[in-house]
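Heads up, the thing below is written out as structure tokens.
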Amino acid sequence: MVSSFKEALESGKFVVTSEVAPPKGINLEKMRHHIELLKDKVDAMNVTDHQSSVMRFPSLGGVLMVKEMGGEPILQMTCRDRNRLALQADLLFAASRGVHNVLCLTGDSVVLGDHREAKGVFDLDSSQLLAAIRRLEKGKDLGGNDLDGSVSFCAGAIVTPEANPIEPQLIKFEKKIEAGAEFIQTQAVYDLDNFKKFMDYARKFPVKILAGIILLTSAPMARFMNKNVAGVNVPQELIDEMASAPKGRALEKGIEIAGRMVKRIRDEKMCDGVHIMAIGREELVPDIISAAGLS
Amino acid sequence: MIRSITRQKSEEEVDRLLDGSGRVFIIGCGTCTTLTRTGGEPEVRAMKGRLTDQGKLVTGEMVLPVACDNITGEALEEYSHQIDQADALLIMTCAFGVQTIARQLKKIVVPALDTLFIGKENGVGTFDEICTQCGTCILGETGGICPVTSCHKGLVNGPCGGTNNGKCEIDPEKDCAWTLIYNRLKELDRLDSVRILQKPRNHQGEPSPGKFKF
């Protein structure tokens, strides 16, 4: 069965994805609200997997909720918490429930999260997880045994176009495509001229690229990301523009900037779509989509 | 030369482990823990002073030449009288030494150190973990730099997204193994070897616990 997200990717339309984050606990109201707001505005929404190594409600549970509510989910899977048996089992379970889109990630280190003494698994890495998915689709597990019943997935991965140094990142990017990635959601990009250069390279590969857009909420937040988030580079002029917003209006400015970037990416046909991340402020994603003139 | 790298346990933990043991015999090691200054003569003397100040009776102390050696049993015999008087042995060697001693004597052993890794000395007092004895060596494909050990996540197919300016996401003092590997192979014009998609690793190269006999 082909997922509607895969159809959107293959249709040639400008694809928009976003994400929702499961809560810490079982109060799912906020996530339910975000899914409700987004399900008809985006082509698919990622459900994050213990984001930043912070233990939460599972992404598998979140994607089922998206599905139940009529949305199109993308299951984020990191290799940090499960070995190859558990990863394959969860993929089988996802497929059995009609969840076919998977974003394969290595995962942040446990020492950055809220269970700092936990064992980081990393039995597989993101490219090996992609290869495992393609193998399951061929009816075999990683042990070489036959599977009863067939599965199919639309599998993707990430890349950091602003990584420094970039070359090792690009080697990994090419391996992910070789392993079977059909789509790539990028780490946040802000310098679109730089991103265009990345796309001049990436366009040569048979993969759909969705540019990562992270909503800037304030000038200090932008500076914080520059200092603390690997591969994120907010240019000074954007920080100045955020700082120029009247008091209490920074968020509006951030939405305007994000919308402007999405519009430019689309107008100039830089890549195949965008992945909009609002990091806890998912209710603002429809405003970014409107600001981009997409709704 | 490879060395067993150790760190002293906190005083609180040592005190807890020695709770109820009024008489203690202290054993250091003249090799690795002397070099790392965690269990050589000065550290053994300092430990004796601290325990004595607490009101414990230190029945004796010694620094074995090589605590993990098979002749350790004979070396311990020379001190058998003082060891017999002790309720517990406080051992300032690595865990290899602790276990070698525990096999020789019917006494409770209390490690004063945590054993961190087998390290390669890089300059005086500096040790790096460069091999974790995984049993499935891939150094031939990574320019002689081990990503299983030198990458915090043990990744064999390239860097994760957390690397930044050639450093690791967990500590800006740690180099990103994949930046090092990339630079080395570029210099050797052999980047082709890391373009190959590595299969999932065999984590059972030698199922733990390792055993060897020729």
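Protein sequences appear in the order of chains A and B. Here the working numbering is used: the first sequence runs in plain steps of one and ends on residue 295. Here the working numbering is used: the second sequence runs in plain steps of one and ends on residue 509. Glycine is no exception: its CB is placed at the ideal position from the N, C-alpha and C atoms. These figures come from a predicted structure and were not determined experimentally.
Spatial distance of residue i from residue j (CA atoms)
i      : j      : result
A/L75  : A/L60  : 7 Å
A/G273 : A/K41  : 14 Å
A/L82  : B/C432 : It should be pointed out that residue 82 of chain A corresponds to Arg in this sequence rather than to Leu. Distance between the alpha carbons of A/R82 and B/C432 is about 23 Å.
A/L215 : B/F422 : 43 Å
A/I26  : A/E268 : 43 Å
B/E338 : B/R332 : 7 Å
A/G120 : B/G457 : 15 Å
A/D287 : A/I255 : 7 Å
B/I440 : B/H376 : 49 Å
A/L124 : A/V159 : 18 Å
A/K6   : A/F198 : 23 Å
A/P73  : A/M270 : 25 Å
B/D382 : B/G335 : 22 Å
B/G420 : B/V353 : 30 Å
B/L408 : A/D90  : 41 Å
Any chain A beta carbon closer than 8 Å to residue i
i      : result
B/H376 : no
B/E464 : yes
B/T474 : yes
B/V489 : yes
B/L450 : yes
B/L384 : no
B/L400 : no
B/C363 : no
B/T458 : yes
B/L492 : yes
B/P454 : yes
B/G350 : no
B/P495 : yes
Contact with chain B by residue i, beta-carbon distance below 8 Å
i      : result
A/T106 : yes
A/G230 : In the sequence under discussion, the amino acid at residue 230 of chain A is Ala, which differs from the Gly named in the question. So yes, A/A230 belongs to the interface.
A/D114 : no
A/G120 : yes
A/L124 : yes
A/S127 : yes
A/A131 : yes
A/I289 : no
A/S109 : yes
Whole-angstrom C-beta distance between residue j and residue i, which should lie under 8 Å
i      : j      : result
A/A86  : A/L130 : Contact doesn't hold; Cβ gap of about 17 Å is too wide.
B/G392 : B/Y374 : B/G392 to B/Y374, Cβ: 15 Å. No contact.
B/R298 : B/E416 : 6 Å
A/I184 : A/I213 : Not really, about 14 Å apart at Cβ, beyond 8 Å.
Cβ pair count under 8 Å reaching 3, the stretch 228-245 of chain A against the stretch 173-184 of chain A: The answer is no - the stretch 173-184 of chain A does not touch the stretch 228-245 of chain A, with fewer than three Cβ pairs under 8 Å.
Residues within the stretch 160-179 of chain A neighbouring chain B, beta-carbon criterion of under 8 Å: Across the stretch 160-179 of chain A, CB contacts with chain B closer than 8 Å involve T160, A163, N164, P165, E167, P168, Q169, I171, K172, E174, K175, E178 and A179, in sequence order along the chain.
Chain B contacts made by the stretch 78-99 of chain A, where a contact means CB separation under 7 Å: Taking 7 Å as the cut-off between beta carbons, the residues of the stretch 78-99 of chain A near chain B are R84, in sequence order.
Cβ contact (3+ pairs, closer than 8 Å) linking the stretch 92-99 of chain A and the stretch 143-162 of chain A: Contact between the stretch 92-99 of chain A and the stretch 143-162 of chain A is present, because at least three Cβ pairs lie under 8 Å.
The stretch 140-147 of chain A / the stretch 469-482 of chain B touching (three or more Cβ pairs under 8 Å): As far as the Cβ criterion goes, the stretch 140-147 of chain A does not touch the stretch 469-482 of chain B, which means the pair count is below three.
Residues within the stretch 23-57 of chain A neighbouring chain B, beta-carbon criterion of under 8 Å: Of all residues in the stretch 23-57 of chain A, none is placed with a Cβ closer than 8 Å to any Cβ belonging to chain B.
Selection of the stretch 435-448 of chain B by Cβ proximity to chain A, strictly under 8 Å: The residues in question are H447 and K448.
Touching by the beta-carbon criterion (3+ pairs, under 8 Å), the stretch 434-448 of chain B and the stretch 390-400 of chain B: Contact between the stretch 434-448 of chain B and the stretch 390-400 of chain B is absent, with fewer than three C-beta pairs closer than 8 Å.
Members of the stretch 141-160 of chain A that neighbour chain B once the beta carbon cut-off is set at 9 Å: Hits within the stretch, in order: L142, I158, V159 and T160.
Contact list for the stretch 232-249 of chain A against chain B, Cβ threshold 7 Å: Those residues of the stretch 232-249 of chain A that come within reach of chain B (Cβ to Cβ, closer than 7 Å) do not exist; the list is empty.
Where the stretch 185-211 of chain A meets chain B: residues whose CB sits under 9 Å from a CB there: Under the 9 Å Cβ criterion, the stretch 185-211 of chain A contributes Q187.
contact_flag[the stretch 302-320 of chain B, the stretch 361-371 of chain B] where n(CB pairs < 8 Å) is 3 or more: Taking 8 Å as the limit for Cβ pairs, the verdict is that the stretch 361-371 of chain B does not touch the stretch 302-320 of chain B.
Cβ pair count under 8 Å reaching 3, the stretch 132-139 of chain A against the stretch 105-116 of chain A: Taking a cut-off of 8 Å for Cβ pairs, the stretch 132-139 of chain A and the stretch 105-116 of chain A do not touch, as fewer than three such pairs fall below it.
Segment contact, 8 Å Cβ cut-off, at least three pairs: the stretch 343-358 of chain B with the stretch 402-419 of chain B: With a cut-off of 8 Å, the stretch 402-419 of chain B and the stretch 343-358 of chain B do not count as touching, because too few Cβ pairs lie within range.
Chain A contacts from the stretch 410-431 of chain B (Cβ-Cβ distance under 9 Å): Under the 9 Å Cβ criterion, the stretch 410-431 of chain B contributes no residue.
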